[in-house]
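Have a look at the structure below before the remarks.
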Amino acid sequence: PTHHIAGVIRTDVRCEPQDILANRLDPWHGVHFHPHSFARLRVLEESPESILLRVSYRIAGRVAMEVDATFDCPSRRVIVMTIVRGEGEGSLVETHATPIDDERCAVIEATIATSERGGFLAMARSSLIRRVMAYFIERRAARLWVEDAMYAERTFASRQGEFETIRQRPEALRSRAR
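Add 1 to the 1-based position in the sequence shown for the working numbering, that's all there is to it.
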């Protein structure tokens with residue numbers, strides 16, 4: 002989009018790309034694993050190509066905005082969430098699960114926020130405000146990935162027959178999101 006605010010994060014996770022994809026494509030996990038960010042969720046349509054959800058995204062505390070978003074996979078290690086109706090229509094989150102070796106992958110996630118509102122356009126034109134907003138976008142994404150990385154690592158450890166190591170990682174992941 003012409004006017005946007007973008008943020009990018011990277012998190013290295015001990016898992017395989019399939020663990021990241023399974024987590025991201027589970028349409029119900031957002032409300033259950035991230036109640037601080039998502040208030041409600043409803044699946045509107047499902048097809049082999051994509052999922053359309055109505056999501057109430059928390060802005061501050063109990064204040065939330067409702068949007069419709071699609072989730073699809075343009076390639077085998079990429080998931081794209083696009084807001085198709087509601088505030089921020091055209092905004093997207095693109096998540097890449099890139100293998101590093103047999104036991105680790107890098108999660109690289111880009112968020113591109115846009116809006117037709119005049120206030121947003123003014124913010125997007127200011128480099129200082131754009132940097133501040135990008136910081137908050139990245140911080141929120143990092144917090145979500147702390148929880149999603151723990152889930153993906155537990156899934157991977159379970160497949161590997163390892164159960165003790167999954168209890169040691171949560172604090173290390175949380176410290177990265179601070």
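Every residue, glycine too, gets a C-beta built ideally from N, C-alpha and C.
Note that the coordinates shown come from a computational prediction; the quantities given were computed from them, not determined experimentally.
Proximity winner among the options, relative to residue i (alpha-carbon distances)
i: tyrosine 58; options: Ile52, Phe72, Leu42 and Ser51; result: Leu42
i: valine 1; options: Ala7, Arg15 and His5; result: The chain is shown only over 2 to 179; residue 1 falls outside these bounds and no answer can be derived.
i: arginine 134; options: Asp20, Val81, Ile113 and Gly119; result: The sequence given here places methionine at residue 134; arginine does not occur at that position. Among Asp20, Val81, Ile113 and Gly119, the Cα nearest to that of methionine 134 is on Ile113.
i: asparagine 24; options: Leu145, His37 and Ala61; result: Leu145
i: alanine 7; options: Ala153, Phe157 and Ala125; result: Ala125
i: proline 49; options: His4, Ala65, Gly87 and Asp73; result: Asp73
Element boundaries [beta strand (DSSP E), containing residue i]
i: aspartate 103; result: First-last for aspartate 103: undefined, no H or E at that position.
i: aspartate 13; result: 6-14
Integer Cβ distance of residue i from residue j, believed to fall under 8 Å
i: isoleucine 52; j: proline 18; result: In fact, because the Cβ distance is near 19 Å, the residues do not count as touching under 8 Å.
i: alanine 70; j: leucine 22; result: The pair is not a contact, with the Cβ atoms about 17 Å apart (cut-off 8 Å).
i: valine 108; j: glutamate 95; result: With a Cβ gap of about 11 Å, valine 108 and glutamate 95 do not count as contacting.
i: isoleucine 10; j: glutamate 139; result: 5 Å
Buried versus exposed call for residue i [16 or more other C-beta atoms within 10 Å across all chains shown]
i: glutamate 117; result: exposed
i: arginine 160; result: exposed
i: aspartate 103; result: exposed
i: serine 38; result: buried
i: alanine 123; result: exposed
i: glycine 89; result: buried
Identified DSSP bridge partners for residue i
i: aspartate 73; result: Ser51 and Val81
i: leucine 122; result: Beta-bridge pairing links leucine 122 to no other residue.
Run of the alpha helix (DSSP H) containing residue i, from where it starts to where it stops
i: arginine 141; result: 128-161
i: leucine 22; result: 18-25
i: glycine 31; result: 30-34
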